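For reference, the structure discussed in these notes is given below.
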Amino acid sequence: MTPANYRFAPSPNGELHLGHAYSALFTQKEAQRDNGRFILRIEDIDTLRCRRHFAEQIFDDLAWLGLGWEEPVRFQSAHLADYALAQQHLIDMGLLYPCFCSRLRLRELPADRCDPDGAPLYPGTCRELASTARNRCIAQGMPFSQRIDMEKACRRLRSTISFHELGQGRSIEADPRRWGDVILIRKDIGTSYHIAVVVDDAIQSVTHVTRGMDLFEATHIHRLLQALLALPVPVYLHHRLIGDEQGRKLSKSAGDRSLRSLRQAGITAGEVRTALGF
Ligand code: GLU
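To get this note's numbering, take the position in the sequence shown, counting from 1, and add 46.
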């Protein structure tokens, strides 16, 4: 029987908070219950926001919590060639197109529908560009991202696609169309979370993806990419999110109390584990 592989994949763009601690402990518990491996992966493709010292802090916080993992840890920033290869497959299939829309332009575009995260759906403006106009923009050096032509991609599938959600104990039909033409190659970093996560889960033979409910909807895109790139499909287990006293989801950007600040205030790892139910 192939061993079960679980992963915890934080981004070093700030300090970990209780929500991350919950996710890491949850993953470890599931892996142990299943006699599986616990893999730590550092998702640092966003070089504009990620910092090496935050990665060091992640190692320190997780060790403090009592977690152990195998070395070497995969840093996504060291594997951009793997993501470029997957992107090239999608380009070769004719499924990506350049999008020259700036942030400002995107705000002005008509969008009568929203994606599952509540952001306006991209109306496909650059998909309709004639190739002469497209080539002119590229020749002029206009920066561009690359979006998936979602309709075309879905039409390419020969059958419906689904993923197994362990938390619900059932198979869920993937419906990536609700996301519209999402960006798969960002203009600033040359890749994207969606690409990197499916490629890495495959390369690391991840069998179980445990992560917060906030990424449940993204699974529909991941499942589509796995089908297009012929990657193995893990099972999914999206866990509850840890909120603050007001029930608001914790976030790094909102400056929620980090594990580091709790440690500095004298809180013990045991207290954190107990508070989180582990
Ligand atoms: N790197 C993502 C985060 O820190 C998690 C991605 C995932 O588990 O798929 O939110």
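The beta-carbon is built from N, C-alpha and C at its ideal position, and this holds for glycine as well. These numbers were taken from a predicted model, which means no experiment stands behind them.
TODO: Give the DSSP-derived three-state secondary structure of Pro-166 in the structure shown.
DONE: Counting from one through the sequence shown, the residue named residue 166 turns up at place 120. Strand at Pro-166.
- [ ] Enumerate in chain order the residues of its own chain whose CB-to-CB distance from Pro-156 is below 8 Å, with the five nearest sequence positions on each side excluded.
- [x] Here residue 156 refers to the residue found at position 110 of the sequence shown. Closer than 8 Å at Cβ, skipping near neighbours: Pro-169.
Task: Glu-89 beta carbon near ligand 1 (any heavy atom closer than 6 Å) - done: Residue 89 sits at position 43 when you count from the first residue of the sequence shown. Yes, Cβ of Glu-89 sits closer than 6 Å to a heavy atom of ligand 1.
Task: Complete beta strand (DSSP E) runs within the region 208–293 (minimum length 3 residues, chain order) - done: 208–211, 216–219, 229–231, 254–258, 281–285
TODO: For the alpha helix (DSSP H) holding Gln-133, just list the boundary residues, first then last.
DONE: Your numbering for residue 133 matches position 87 in the sequence shown. Taken as a continuous stretch (DSSP letters only), the alpha helix (DSSP H) holding Gln-133 covers 126–138.
Task: Beta-carbon proximity check, Ile-229 vs Ser-191, cutoff 7 Å - done: Locating residue 229 in the sequence shown gives position 183, counting from the first residue. Locating residue 191 in the sequence shown gives position 145, counting from the first residue. Their beta carbons are under 7 Å apart, which means Ile-229 touches Ser-191 by this criterion.
Open item on the list: Less than 6 Å separating the Cβ of Pro-56 from some heavy atom of ligand 1?
Closed with: Walking along the sequence shown from the start, residue 56 turns up at place 10. Flag set: Cβ of Pro-56 near ligand 1.
Open item on the list: Closest to Arg-201 by C-alpha separation, out of Leu-141, Ala-50, Gly-82, Gly-112, would be which residue?
Closed with: As a first step, residue 201 is located in the sequence shown; it is residue number 155 there, counting from the start. Residue Leu-141 is the option with its Cα nearest to Arg-201.
Open item on the list: Beta-carbon within less than 6 Å of His-266's beta-carbon, same chain only, minus the 5 sequence neighbours each way: which residues are those?
Closed with: What you label residue 266 is simply residue 220 of the sequence shown in a count that begins at 1. Taken in chain order, the residues that qualify are Ala-220, Asp-221, Pro-222.
Open item on the list: Could you tell me the alpha carbon to alpha carbon distance between Asp-392 and Leu-212, rounded to whole angstroms?
Closed with: This structure cannot settle anything about residue 392, because the visible part of the chain is limited to 47 through 324.
Open item on the list: Let me check understanding here. Comparing Cα to Cα, which of Trp-110, Ser-205, Arg-232 lies closest to Arg-149?
Closed with: To locate residue 149, count along the sequence shown from 1; it is residue 103. Closest option to Arg-149, Cα to Cα, is Arg-232.
- [ ] With hydrogens ignored, establish whether the beta-carbon of Val-243 is closer than 6 Å to any heavy atom of ligand 1.
- [x] Here the question's residue 243 lines up with position 197 in the sequence shown. The answer is yes for Val-243.
TODO: Tell me whether Arg-257 counts as near ligand 1, meaning its Cβ is closer than 6 Å to at least one heavy atom of that ligand.
DONE: Here residue 257 refers to the residue found at position 211 of the sequence shown. Checking every heavy atom of ligand 1 against the Cβ of Arg-257, one is found closer than 6 Å.
TODO: Name the two residues that bound the continuous alpha helix (DSSP H) containing Ile-104.
DONE: Locating residue 104 in the sequence shown gives position 58, counting from the first residue. 98–111 is the span of the alpha helix (DSSP H), which, as asked, contains Ile-104.
- [ ] Would you kindly check if the distance between the Cβ of Leu-62 and the Cβ of Leu-305 is under 7 Å?
- [x] What you label residue 305 is simply residue 259 of the sequence shown in a count that begins at 1. What you label residue 62 is simply residue 16 of the sequence shown in a count that begins at 1. Against a cut-off of 7 Å, the Cβ pair of Leu-62 and Leu-305 comes out as a contact.
- [ ] Inspect the beta-carbon positions of Pro-280 and Val-252 and report whether they are closer than 7 Å.
- [x] Here residue 280 is taken as the residue at index 234 of the sequence shown, counted from 1. Here residue 252 is taken as the residue at index 206 of the sequence shown, counted from 1. Cβ atoms of Pro-280 and Val-252: closer than 7 Å.
Task: Inter-stretch contact at 8 Å, needing at least 3 Cβ pairs: the region 72–86 / the region 94–101 - done: no
Task: Nearest-angstrom Cα separation, counted from Ala-185 out to Phe-146 - done: Indexing the sequence shown from 1 puts residue 146 at position 100. Indexing the sequence shown from 1 puts residue 185 at position 139. Distance between the alpha carbons of Phe-146 and Ala-185: 12 Å.
Task: Opening and closing residue of the alpha helix (DSSP H) in which Gln-122 lies - done: Start at 1 with the first residue of the sequence shown, and residue 122 comes out as number 76. Element bounds for Gln-122: n/a, residue is neither H nor E.
Task: Between the CA atoms of Cys-183 and Arg-79 - distance to the nearest angstrom - done: For this step, residue 79 is matched to residue 33 along the sequence shown. For this step, residue 183 is matched to residue 137 along the sequence shown. About 54 Å.
Open item on the list: On the DSSP bridge list, what partners appear for Gln-192?
Closed with: Residue 192 sits at position 146 when you count from the first residue of the sequence shown. Per DSSP, Pro-144, Ile-231.
Open item on the list: Can you check which of these residues, Thr-93, His-268, Met-139, His-135, is closest to Gln-122 by C-alpha distance?
Closed with: Taking the sequence shown and counting its residues from 1, the one referred to as residue 122 is at position 76. That would be Thr-93, whose Cα lies nearest to the Cα of Gln-122.
Open item on the list: DSSP three-state label for Arg-53, please.
Closed with: Position 7 of the sequence shown, counted from the first residue, corresponds to residue 53. Strand at Arg-53.
Open item on the list: Less than 7 Å between the C-beta atoms of Asp-163 and Met-196, yes or no?
Closed with: What you label residue 163 is simply residue 117 of the sequence shown in a count that begins at 1. What you label residue 196 is simply residue 150 of the sequence shown in a count that begins at 1. Taking 7 Å as the Cβ cut-off, Asp-163 and Met-196 do not qualify as a contacting pair.
Task: For Arg-83, the three-state DSSP class (helix, strand or coil) - done: Counting from 1 along the sequence shown, the entry for residue 83 is found at position 37. It is a strand residue.
Open item on the list: For the pair the region 100–117 and the region 55–69, tell me if three or more CB-CB distances fall below 8 Å.
Closed with: yes
- [ ] For Asp-90, count neighbouring C-beta atoms within 10 Å of its own C-beta (all shown protein chains included) and say buried if the count is 16 or more, exposed if not.
- [x] Taking the first residue of the sequence shown as position 1, residue 90 is located at position 44. Buried.
TODO: Count the other CB atoms, across all protein chains shown, that sit within 10 Å of the CB of Asp-246; report buried if there are 16 or more and exposed otherwise.
DONE: Counting from 1 along the sequence shown, the entry for residue 246 is found at position 200. Flag for Asp-246 reads buried.
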